[in-house]
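Asker: Sequential numbering of the sequence shown, starting at 1, is according to the working numbering.
Ideal placement from N, C-alpha and C gives every residue a C-beta, glycine not left out.
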Amino acid sequence: MKLDNTRALVVFSGGQDSTTCLFWAKRHFREVVALSFVYGQNHVHEVDLAEDIAREAGVEFHRMDVSFIGQLSRNALTDHTLAMDQEKPAAAPPNTFVPGRNLFFLATAAVFARERGIRHLVTGVSQTDYSGYPDCRDSFVRSLNVTLNLAMDEQFVVHTPLMWLDKAETWALADELGVFDLVRHRTLTCYNGIPGDGCGHCPACHLRREGLETYLRQREARTEHHEART
Ligand code: ZN
């Protein structure tokens, strides 16, 4: 099958990272398609928020039910009776890790993309602040990219624009793409399901806020430096 270079499929959860990736993809590709997964997550309304953002971005949106992923393992993102780890345990991923999630997501996204003649896949995983999730690491994504190509005899390219960025740099990228306010107020990263600045105390909010504060300090310092020179 001939896959084209003008379109990209973004694995899209409506969180800070994948929303930044959605707009990154819009800048680099003529046409962007967003795919969101219902995987048994406690806060499934994140998919509705994702759809709103995609619609506003003028991006074709699809949601796909892969709820079996949430049933395969016991973890705090799909089992609301399980209290989430507040800190990363020393030897293992935290219990917010959903084993196989990015494997299933990217494999499903690749088949979905292939059916539409799309070869470019975009995912917001990052090794820098990867919270102990092994399937956010560069080695995993590269390995899977090879596997996808072998599995379907295609030349997929999996793009990871955030792989080596920390959260402050991800905020900077959103700002550079002109969507800082949209990402800040409309995306949902919080493990307690509260959009924007979130609950403020879960590990995801903590990471997001630290990055935001660092970026805002840097931006302010840059503005002051600029003003001092002019
Ligand atoms: Zn939170």
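At a threshold of 7 Å, does asparagine 95 count as lining ligand 1 (C-beta to nearest heavy atom)?
Answerer: Flag unset: Cβ of asparagine 95 not near ligand 1.
Asker: Measuring only between beta-carbons, confirm whether alanine 174 sits less than 8 Å from chain B.
Answerer: This model lacks chain B altogether, as it is built from one protein chain only.
Asker: Please tell me whether, using a cut-off of 7 Å, the distance from the CB of glycine 198 to the nearest non-hydrogen atom of ligand 1 is below it.
Answerer: Indeed, a heavy atom of ligand 1 lies less than 7 Å from the Cβ.
Asker: Just how far apart, CA to CA, sit leucine 148 and leucine 121?
Answerer: Each residue's alpha carbon lies about 11 Å from the other.
Asker: Is histidine 201 near ligand 1, going by C-beta to nearest heavy atom under 7 Å?
Answerer: It does: the Cβ of histidine 201 is within 7 Å (strictly closer) of some heavy atom of ligand 1.
Asker: My output table needs one value for aspartate 79: the three-state DSSP class, helix, strand or coil.
Answerer: Three-state result, aspartate 79: coil.
Asker: Provide the residue(s) that pair with methionine 64 in DSSP beta bridges, ordered along the chain.
Answerer: The partner list for methionine 64 (beta bridge, DSSP) reads Phe37.
Asker: Note down the Cα distance separating valine 111 from threonine 214, rounded to an integer number of angstroms.
Answerer: Cα to Cα, the separation comes out at about 39 Å.
Asker: Where DSSP assigns a beta bridge to valine 122, which residues make up the other side?
Answerer: Partner(s): Val10 and His159.
Asker: With distances taken between CB atoms, is the gap from threonine 128 to aspartate 17 smaller than 8 Å?
Answerer: Cβ atoms of threonine 128 and aspartate 17: not closer than 8 Å.
Asker: What does DSSP give as the partner residues of glutamate 31 in its beta bridges?
Answerer: Looking at the DSSP assignment, glutamate 31 forms a beta bridge with Arg7.
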